[in-house]
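In what follows, a structure is listed as structure tokens, so that the remarks can point back to it.
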Amino acid sequence: MSRKFDIIVLGATGYTGKLVCEMLKKQTIKTGAWAIAGRSQDKLTKMSQALGLSVPTFTFDVEKPETLDAVCSQATVVISCAGPFNLVGMPVVDSCVRCGTHYVDSTGEFTFVRKVIEKHHDEAVKKNIVMVSCCGFGCVPSDVGNYILHKEAKQRGEEVKSVCCYYDMKVAGASDGTVHSVGSTFDAMTRKDMDPCSLNGSDASIRPYSAPSRKGMWYHWAMGTFSAPLAPAGSNERVVRRTNYLMKSRASYVEAMVGGFFPMLKNTIGLYLLGAILMIAPVRRWLLNKFFPLGPQNGPSEELKKNSRVCATFVGETDKKNVLTTTLVENRDTYDATAVYLVACAVSASDLAKSNKIVPGVLTPCSAFGEKLVTLCLKNGMEVSTTINTEDKKTK
Numbered sequence: 001m002s003r004k005f006d007i008i009v010l011g012a013t014g015y016t017g018k019l020v021c022e023m024l025k026k027q028t029i030k031t032g033a034w035a036i037a038g039r040s041q042d043k044l045t046k047m048s049q050a051l052g053l054s055v056p057t058f059t060f061d062v063e064k065p066e067t068l069d070a071v072c073s074q075a076t077v078v079i080s081c082a083g084p085f086n087l088v089g090m091p092v093v094d095s096c097v098r099c100g101t102h103y104v105d106s107t108g109e110f111t112f113v114r115k116v117i118e119k120h121h122d123e124a125v126k127k128n129i130v131m132v133s134c135c136g137f138g139c140v141p142s143d144v145g146n147y148i149l150h151k152e153a154k155q156r157g158e159e160v161k162s163v164c165c166y167y168d169m170k171v172a173g174a175s176d177g178t179v180h181s182v183g184s185t186f187d188a189m190t191r192k193d194m195d196p197c198s199l200n201g202s203d204a205s206i207r208p209y210s211a212p213s214r215k216g217m218w219y220h221w222a223m224g225t226f227s228a229p230l231a232p233a234g235s236n237e238r239v240v241r242r243t244n245y246l247m248k249s250r251a252s253y254v255e256a257m258v259g260g261f262f263p264m265l266k267n268t269i270g271l272y273l274l275g276a277i278l279m280i281a282p283v284r285r286w287l288l289n290k291f292f293p294l295g296p297q298n299g300p301s302e303e304l305k306k307n308s309r310v311c312a313t314f315v316g317e318t319d320k321k322n323v324l325t326t327t328l329v330e331n332r333d334t335y336d337a338t339a340v341y342l343v344a345c346a347v348s349a350s351d352l353a354k355s356n357k358i359v360p361g362v363l364t365p366c367s368a369f370g371e372k373l374v375t376l377c378l379k380n381g382m383e384v385s386t387t388i389n390t391e392d393k394k395t396k
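If you use the UniProt record's numbering, the sequence shown corresponds to residues 1 to 396, in order.
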């Protein structure tokens, strides 16, 4: 595949898109030629001037496939940041498939991912292209931590039976785009999406031993702290289960948030109340339109982002009753980390394509890019360590 541009960023003028462009400009992760695309030339020009960019710009209309094809056909890899993906994401995916272009995106909308798998997995395999959703903070740390834990177990000749991931987080907040994506996921939810393994394939022999979800508050004895439901777990868990499915692992996977009694109590009550409100479609849409109107996207300020920190602890139990603990730390804001992960995934796709080592299909970050992605993440700020305890301990 010989294309004019290594990477083209679609949806470049949104909150996440701008961060991706800043990351590409720094060239912390080296890329070839890149360009940006959006729905408004005026916004592209203003953003380019504000960021000091000197890269080509393209416009497209998601309702006009020929305009998308004109952009996607020029790239080896497209990074799509244009959401909500349930509303405007599929035309970009369709164009990449038509043009034989590799694709990564920032979505966390698992309802959208299921549709992409059902519609395009087989064709992507035939065309030898890789399509990977959920390449932002929402899923990459979960996928990487689970991948590394499985790798450690395999090196010891052991099989992972279960993984519990516990997030200790201090984050700056959510962007307007993220909020609309949450609303879009509720709008698009069907009976199929209620299945905790909705992104897995049809081979029942690789279904996980169990697919639990964390409900209510728990006291985690091994970690000595309380745990509560984690808002992004619905997406993270499904993506990791698909990774396990593609790696032919039957390990169960579940996530939770950890912290003190009162913060976890507040989190649990708040999450259930919010969920109940968002289940009512008219109320959900009124709240989104009232407080997060579509238009210029806003996100956490640089001041708020300064104190962000995330620590994810993956506790895995093997068939030999050993406990492996992988700890993953990010000392930057989740949106800044998302920009790094998106570029790392795009560069992984481009490099693997150039060396004819692409694993084709609609995949997940680690099932698609594996060691290449892990290496880039570790070289660019992610910290990971693993310990092994041969005593029989409960992981839940």
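Built from N, CA and C at the ideal position, the CB exists for glycine as well. No experiment lies behind these values; they were computed from the predicted model shown.
Spanning the alpha carbons of N236 and K161 requires a straight line of approximately 18 Å. Taking 8 Å as the upper bound for CB-CB distance, N298 and S175 are in contact here, some 7 Å apart. A direct Cα-Cα distance of roughly 24 Å separates T67 from V347.
In the DSSP assignment, K170 falls within the unbroken beta strand (DSSP E) covering V160 to K170. Distances from the CA of V179 to each of C377, E109, M169 and K321 were compared; the closest alpha carbon is that of E109. For G361, the three-state secondary structure derived from DSSP is strand. Here A337 has F137 and E330 as same chain residues with Cβ atoms under 7 Å from its own Cβ, once five neighbours each way along the sequence are excluded. In the three-state reduction of the DSSP assignment, L324 falls in the strand class. Exposed is the label assigned to T387, since fewer than 16 other Cβ atoms lie within 10 Å of its Cβ.
A residue is called buried when at least 16 other Cβ atoms come within 10 angstroms of its Cβ; R214 meets this threshold and is buried. In this structure, V93 is the residue among M279, P196 and V93 with its C-alpha nearest to the C-alpha of H121.
In the DSSP assignment, L53 falls outside any beta strand (DSSP E) and carries neither an H nor an E. The continuous alpha helix (DSSP H) containing G17 extends over residues Y15 to K26. Where W34 is concerned, there is no enclosing alpha helix (DSSP H), although the beta strand (DSSP E) around it starts and stops at W34 to G38.
Minimum Cα-Cα distance from A33 among the listed residues R332, L24 and M90 corresponds to L24. Contact annotation: the segment 309-320 touches the segment 154-171, with at least three C-beta pairs closer than 8 Å.
S198 is not a Cβ neighbour of R250, given a cutoff of 7 Å. Boundaries of the alpha helix (DSSP H) around V343: T334 to K354. In this structure the segment 223-234 lies against the segment 245-262, because at least three pairs of beta carbons, one per stretch, are closer than 8 Å.
K18 counts as buried, since no fewer than 16 other beta carbons sit within 10 angstroms of its beta carbon. Collapsing the DSSP output to three states places V140 in a helix. Listed as beta-bridge partners of D105 by DSSP are S80. Under DSSP, the beta-bridge partners assigned to G259 are F226.
In this structure, the CA atom of S133 is about 14 Å from the CA atom of S142. The three-state secondary structure of N389, taken from DSSP, is strand. Exposure of I277 is indicated by the presence of fewer than 16 other C-beta atoms within 10 angstroms of its C-beta. By the Cβ neighbour-count rule, Y219 is exposed, with fewer than 16 other Cβ atoms within 10 Å of its own.
Beta-bridge partners of V329 (DSSP): C311 and E383. The DSSP-derived three-state label of L10 is strand.
Here L10 is buried: its Cβ has 16 or more other Cβ atoms, across all protein chains shown, within 10 Å.
Three or more pairs of CB atoms, one per stretch, sit closer than 8 Å, so the segment 123-130 contacts the segment 360-370. Rounded to whole angstroms, the separation of the alpha carbons of F186 and M279 is 7 Å. One thing to note: K321 has its Cβ no nearer than 7 Å to the Cβ of E158. Ranked by Cα distance from L44, the first of Y15, P65 and Q27 is Y15. For W286, the enclosing alpha helix (DSSP H) has its first and last residue at A281 to F291.
Here S48 has T57 as same chain residues with Cβ atoms under 7 Å from its own Cβ, once five neighbours each way along the sequence are excluded.
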